[in-house]
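For the record, the sequence lines run as chains A and B.
Residue numbers for the first sequence follow our numbering, so the first one is 15 and each next one is one higher.
Residue numbers for the second sequence follow our numbering, so the first one is 15 and each next one is one higher.
Just so you know, even glycine gets a beta-carbon here, dropped at the ideal spot from N, CA and C.
Take a look at the structure set out below.
There are 2 protein chains.
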Amino acid sequence: MSIRHTIVCGGRVGVRSVCRSKVSAVGFSRLIGCRGFATSKMATGPFCNLDDVNKNVIKLEYAVRGPLVIRAGEIAKELQKGEKKPFSSVIKANIGDAHAMGQPYITFIRQVTALCLYPELMKSDDFPEDTKEHARTILAGCGGGSLGAYSESVGVEVIRRHVAQYIEERDGGIPSDYSNIILSGGASEAIKSVMALLNRPDGDRAVGVMVPIPQYPLYSATVAEFGMHQINYYLDEPRAWALDMNELKRSLEEARASCLPRLLVVINPGNPTGSVLTRQNIEDIIRFAFNERLIIMADEVYQHNVYAADREFHSFKKVLSEMGEPYSTMELASFMSCSKGYMGECGLRGGYCELLNFDPKVKAMLFKMISAKLCSTVHGQAVMDCVVNPPRPGEPSYALYDKERRSVLSSLKERATLIADTFNSMEGFTCNQVQGAMYAFPQLELPEKAVEAAKAAGQAPDVFYAFQLLENTGICVVPGSGFGQRPGTYHFRTTILPQTPLLKEMLARMQEFHQKFIKQYQ
Amino acid sequence: MSIRHTIVCGGRVGVRSVCRSKVSAVGFSRLIGCRGFATSKMATGPFCNLDDVNKNVIKLEYAVRGPLVIRAGEIAKELQKGEKKPFSSVIKANIGDAHAMGQPYITFIRQVTALCLYPELMKSDDFPEDTKEHARTILAGCGGGSLGAYSESVGVEVIRRHVAQYIEERDGGIPSDYSNIILSGGASEAIKSVMALLNRPDGDRAVGVMVPIPQYPLYSATVAEFGMHQINYYLDEPRAWALDMNELKRSLEEARASCLPRLLVVINPGNPTGSVLTRQNIEDIIRFAFNERLIIMADEVYQHNVYAADREFHSFKKVLSEMGEPYSTMELASFMSCSKGYMGECGLRGGYCELLNFDPKVKAMLFKMISAKLCSTVHGQAVMDCVVNPPRPGEPSYALYDKERRSVLSSLKERATLIADTFNSMEGFTCNQVQGAMYAFPQLELPEKAVEAAKAAGQAPDVFYAFQLLENTGICVVPGSGFGQRPGTYHFRTTILPQTPLLKEMLARMQEFHQKFIKQYQ
Numbered sequence: 015m016s017i018r019h020t021i022v023c024g025g026r027v028g029v030r031s032v033c034r035s036k037v038s039a040v041g042f043s044r045l046i047g048c049r050g051f052a053t054s055k056m057a058t059g060p061f062c063n064l065d066d067v068n069k070n071v072i073k074l075e076y077a078v079r080g081p082l083v084i085r086a087g088e089i090a091k092e093l094q095k096g097e098k099k100p101f102s103s104v105i106k107a108n109i110g111d112a113h114a115m116g117q118p119y120i121t122f123i124r125q126v127t128a129l130c131l132y133p134e135l136m137k138s139d140d141f142p143e144d145t146k147e148h149a150r151t152i153l154a155g156c157g158g159g160s161l162g163a164y165s166e167s168v169g170v171e172v173i174r175r176h177v178a179q180y181i182e183e184r185d186g187g188i189p190s191d192y193s194n195i196i197l198s199g200g201a202s203e204a205i206k207s208v209m210a211l212l213n214r215p216d217g218d219r220a221v222g223v224m225v226p227i228p229q230y231p232l233y234s235a236t237v238a239e240f241g242m243h244q245i246n247y248y249l250d251e252p253r254a255w256a257l258d259m260n261e262l263k264r265s266l267e268e269a270r271a272s273c274l275p276r277l278l279v280v281i282n283p284g285n286p287t288g289s290v291l292t293r294q295n296i297e298d299i300i301r302f303a304f305n306e307r308l309i310i311m312a313d314e315v316y317q318h319n320v321y322a323a324d325r326e327f328h329s330f331k332k333v334l335s336e337m338g339e340p341y342s343t344m345e346l347a348s349f350m351s352c353s354k355g356y357m358g359e360c361g362l363r364g365g366y367c368e369l370l371n372f373d374p375k376v377k378a379m380l381f382k383m384i385s386a387k388l389c390s391t392v393h394g395q396a397v398m399d400c401v402v403n404p405p406r407p408g409e410p411s412y413a414l415y416d417k418e419r420r421s422v423l424s425s426l427k428e429r430a431t432l433i434a435d436t437f438n439s440m441e442g443f444t445c446n447q448v449q450g451a452m453y454a455f456p457q458l459e460l461p462e463k464a465v466e467a468a469k470a471a472g473q474a475p476d477v478f479y480a481f482q483l484l485e486n487t488g489i490c491v492v493p494g495s496g497f498g499q500r501p502g503t504y505h506f507r508t509t510i511l512p513q514t515p516l517l518k519e520m521l522a523r524m525q526e527f528h529q530k531f532i533k534q535y536q
Numbered sequence: 015m016s017i018r019h020t021i022v023c024g025g026r027v028g029v030r031s032v033c034r035s036k037v038s039a040v041g042f043s044r045l046i047g048c049r050g051f052a053t054s055k056m057a058t059g060p061f062c063n064l065d066d067v068n069k070n071v072i073k074l075e076y077a078v079r080g081p082l083v084i085r086a087g088e089i090a091k092e093l094q095k096g097e098k099k100p101f102s103s104v105i106k107a108n109i110g111d112a113h114a115m116g117q118p119y120i121t122f123i124r125q126v127t128a129l130c131l132y133p134e135l136m137k138s139d140d141f142p143e144d145t146k147e148h149a150r151t152i153l154a155g156c157g158g159g160s161l162g163a164y165s166e167s168v169g170v171e172v173i174r175r176h177v178a179q180y181i182e183e184r185d186g187g188i189p190s191d192y193s194n195i196i197l198s199g200g201a202s203e204a205i206k207s208v209m210a211l212l213n214r215p216d217g218d219r220a221v222g223v224m225v226p227i228p229q230y231p232l233y234s235a236t237v238a239e240f241g242m243h244q245i246n247y248y249l250d251e252p253r254a255w256a257l258d259m260n261e262l263k264r265s266l267e268e269a270r271a272s273c274l275p276r277l278l279v280v281i282n283p284g285n286p287t288g289s290v291l292t293r294q295n296i297e298d299i300i301r302f303a304f305n306e307r308l309i310i311m312a313d314e315v316y317q318h319n320v321y322a323a324d325r326e327f328h329s330f331k332k333v334l335s336e337m338g339e340p341y342s343t344m345e346l347a348s349f350m351s352c353s354k355g356y357m358g359e360c361g362l363r364g365g366y367c368e369l370l371n372f373d374p375k376v377k378a379m380l381f382k383m384i385s386a387k388l389c390s391t392v393h394g395q396a397v398m399d400c401v402v403n404p405p406r407p408g409e410p411s412y413a414l415y416d417k418e419r420r421s422v423l424s425s426l427k428e429r430a431t432l433i434a435d436t437f438n439s440m441e442g443f444t445c446n447q448v449q450g451a452m453y454a455f456p457q458l459e460l461p462e463k464a465v466e467a468a469k470a471a472g473q474a475p476d477v478f479y480a481f482q483l484l485e486n487t488g489i490c491v492v493p494g495s496g497f498g499q500r501p502g503t504y505h506f507r508t509t510i511l512p513q514t515p516l517l518k519e520m521l522a523r524m525q526e527f528h529q530k531f532i533k534q535y536q
């Protein structure tokens, strides 16, 4: 810890003299003969400044909650205080936070977990019998029959079994073993755990993680936090953000000299791209990963969010299993969450990870590592249970569940089309079809003068644009540089989550702003 | 990743030849000219073995959920299957998991959070009006009025404000600023975050963390996981596990050459010791930390659990503030949880951390770091809200809340006395008074022959004893070596959580076992 005060030396009966100077912690701690009581008024805390903070933490960035979002929060408070703005409300299109944008909860999920939480409600006639049955099953798996007991670190066994059954059904019967399932606080926690587990550098050679560009910034943030090496591979924007095998090879070859490539991250359906990978593309990726002995981390949290008529969700597990040996023997970590899909239960932090083909000893190390944090929220685990074990046709809750689920998904589908069509109708914008997930990632042309103005303001051009958009319209999006983009191209990510009338208003505000912006910098 | 197969070289039209040998990942990746498709049947996954796992993860241990606990789970399943044992049930005294041991929930907490979760319940007459008011306040602070929305990464603002008010009241009016409060998924998550934040080694010199021995093994596990340096200071068993200033100095002096001492962990009330520090002891610790420019991490999760008539809980913040300058200017991180106290809501993962006197830039780095994980469970945050903002006298829920709270705490107090008294009545056992927290940590004399038998079995003597205890009585405790103990002394940690009749049975089983054990090895 660096000491900020100039030389102050004093003594006291019975204590050693004190000596402080502008030296670093190491320097100070080496002055062993010269330490003791700090009695001077100058000698106060705090002891610790930025020089004492984890270098990797200083490096890491997470744009989805960066300075732009902080400014959006300030603007919202300014509006509340009555400040006059050219707009009346902030629209937060920066984060995939469905409930915050007015998406209603799925009644079944809330009923089952409320019953688990407060079993007195079992006496109520307002809860359908099947929700009570679900709650009883969950509670029977909990210590003392209470969500308040710790679960095993990997999660409540009966919920892990339900997850395995869900995966089997999803993948047309390909077996899933519950002992390969870990329940986690959202997908993020499990993703970080798997990355931590395999972070075994060799001397100066860091572990290499292949990350798509654009990517969801949890990956770059975690790579930075753990001191790993990020290998960027660019997604093919003109081909609906597909993964290009030559690009994967290029990025890997270039990185090989400076790191130990180990992990290949694929996000499907894509965040921020809105793409849904074809089966052929997935097969090619699997072959590539196999040949290069990479472990695929399949971020499949948007598996329920597919809108394009000509696309469907293929899990990496299913494709890899159907390709047969040797591909079916390689490790795969697949992640899922209760935050996305039709449920949007972001705040309740449910998630799971399936670890396929992991060496049992390696898996045991992961289980040991997560045990020190005891367990993920058991309530979040119960939410995940509702997602993987929903009401079946004929059960009392089914009709409402099905209606609510369809309503959310069809509305998202409508908005996916609306947003891409609108961007494509705007001059200077091109936007791939939003095939899935919850985002559009349009490319925009910026006039040379705007690029210069950004430079003068000390901002990247897309950041400059996004700040201008925010200050002038109240719309908060995330600049493309927060996810990565090909140099010289400019994008932003917007969610498709504002409900349709608000989304229309948002697009109208954007259109008007963009025209003015172009005019200003022409 | 190491490749386990012997040389297999094959080729295919259009692909490069394949070459594999017993070489390490680095070796293999350097054979760049010799890579390509893996077509042989031998060339299968998994690619990854223990040699590819994070070395720090391999090192870390977390005894509270170690092999003994895994064996206890197996025994429980064996009993279920009808296997004959010299006992009829497993008693899990290894973990502070109150609900799992039959402690009932606090109705107020479950009512408020059920209302938050399923606001339809606002219509019900079965919920007192004040629980509805609490729930409305919480929901008004949530995005879209839903627990399903992400909160700010540091937590819901109104809950952070309630935490600050709670701390002010607890500490007799010393101000607490909500902007210093972080809500976390249990205390563990915040503890790990603060340790990660300040993990700034200098070359080979790791950051030193002073950890009490015995300690709660989250600290040793995290030190290992983050590659920090553990500085062990022994607690003074004959003086009720107090912190001895000479011992603190000794441990620090000895460690200084090999690390950069930065953090001083103090657990009060103590886990596993059951001690409650005197105010004088806390003042001495603060002076020591100030002089050595250490940041105190005060693990105060048992602040509600004080049983000894001559002890009370003094928060480090209160003492440090009342000591005035310069002590009141030093950094302090204090941690609290909803898992302990009278509530025991372990599975719901609520917790907070107050960061006192941190440099705003350092704090900003912490906030940025945790933002990549989005937020802790908002439901767990709501539980924390109920703990820091309980019903007040005169409110409809007060009487029941007060009765339930007193009932849990007075029963814990009774069990704290029962357990220490019983141990002290047993030959070969000495046990400090359980002044607070939820554990007893008795010392036991082991005959020389038992120590030899342990050696022959390849186990530490206390581990040997604990396994024998488990196999013969079904009682699962954690051996002292899982927490640390002075060399040559033997302890175990048991919780005081089994309800009184079961606790009595447990102690009787222990007594009988111990007599037989001593006889066997005399």
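From what residue to what residue does the beta strand (DSSP E) around residue i run?
i, result
"SER167 of chain A", "Neither: SER167 of chain A is in no beta strand (DSSP E) and is coded neither H nor E."
"GLN317 of chain B", "Per DSSP, GLN317 of chain B belongs to no beta strand (DSSP E) and is neither H nor E."
Excluding the 5 residues preceding and the 5 following residue i in the sequence, name in chain order all residues of the same chain whose CB lies nearer than 6 Å to its CB.
i, result
"SER351 of chain A", "GLY200, ALA201, VAL315, GLY365"
"LEU517 of chain A", "ARG429"
"TYR164 of chain A", "LEU388, CYS389"
"ILE46 of chain A", "Low local confidence applies: a pLDDT of 34 at ILE46 of chain A is under 50, so the model's placement there is unreliable, and no value is given."
Which word fits residue i, buried or exposed, when buried means at least 16 other C-beta atoms lie within 10 angstroms of its C-beta?
i, result
"PRO475 of chain A", "buried"
"PHE531 of chain B", "buried"
"ILE195 of chain A", "buried"
"ASP544 of chain B", "No answer is possible for residue 544 of chain B: the residues shown for chain B start at 15 and end at 536."
"LYS206 of chain B", "buried"
"PRO404 of chain B", "buried"
"MET136 of chain A", "exposed"
"GLN536 of chain B", "exposed"
"MET259 of chain A", "exposed"
"GLU92 of chain A", "exposed"
"VAL27 of chain A", "At VAL27 of chain A the pLDDT is 33, less than 50, meaning the model places this residue with poor confidence and gives no usable figure here."
Using a Cβ-Cβ cutoff of less than 7 Å, which residues in the same chain neighbour residue i once the five nearest sequence positions on both sides are dropped?
i, result
"GLN125 of chain B", "PHE141, THR145"
"ASN116 of chain A", "A quick correction: the sequence has Gly, not Asn, at residue 116 of chain A. These residues qualify, in order along the chain: GLN513."
"ALA471 of chain A", "PHE478"
"VAL333 of chain B", "ARG293, ILE296, GLU297, ILE300"
With respect to the alpha helix (DSSP H) encompassing residue i, which residues constitute its N-terminal and C-terminal limits?
i, result
"ASN305 of chain A", "293 to 305"
Quick one: which chain B residues come within Cβ less than 7 Å of residue i?
i, result
"TYR132 of chain A", "ARG124, GLN125, ALA128"
Residue i versus chain A: which residues are under 8 Å apart at the beta carbon?
i, result
"LEU212 of chain B", "CYS62, ASP66, VAL67, ASN68"
Cβ closer than 9 Å: which chain A residues qualify as neighbours of residue i?
i, result
"LEU232 of chain B", "ALA386, LYS387, LEU388"
Interface residues of chain B around residue i at Cβ under 9 Å?
i, result
"TYR412 of chain A", "What TYR412 of chain A touches in chain B: nothing, since even the nearest Cβ is about 19 Å away."
If you drop the 5 nearest sequence neighbours on each side, which residues of the same chain put their C-beta closer than 8 Å to that of residue i?
i, result
"ARG325 of chain B", "VAL290, THR292, GLN449, GLY450"
Using a cut-off of 7 Å between C-beta atoms, extract the partners of residue i located in chain A.
i, result
"ALA235 of chain B", "ALA386"
In the region 353 to 377 of chain B, which residues sit with their C-beta less than 7 Å from some C-beta in chain A, listed in chain order? Within the region 353 to 377 of chain B, the qualifying residues are GLY358, GLU359, CYS360, GLY361, LEU362, ARG363, ASN371, PHE372, ASP373, LYS375, VAL376.
Along the region 88 to 115 of chain A, what residues have a CB closer than 7 Å to any CB found in chain B? Per Cβ criterion, the list reads ILE109, ASP111, HIS113, ALA114, MET115.
Given a limit of 9 Å on CB to CB distance, which residues of the region 291 to 315 of chain B reach chain A? Answer set for the region 291 to 315 of chain B: ARG301, PHE304, ASN305, GLU306, ARG307, LEU308, ILE309.
With 9 Å as the limit, tell me which residues of the region 150 to 165 of chain B have their beta carbon closer than that to any beta carbon of chain A; keep them in chain order. Residues passing the 9 Å Cβ filter: CYS156, GLY157, GLY158, GLY159, SER160, LEU161, GLY162, ALA163, TYR164, SER165.
By the 9 Å beta-carbon criterion, what residues does the region 182 to 203 of chain B contribute toward chain A? GLY199, GLY200, SER202, GLU203
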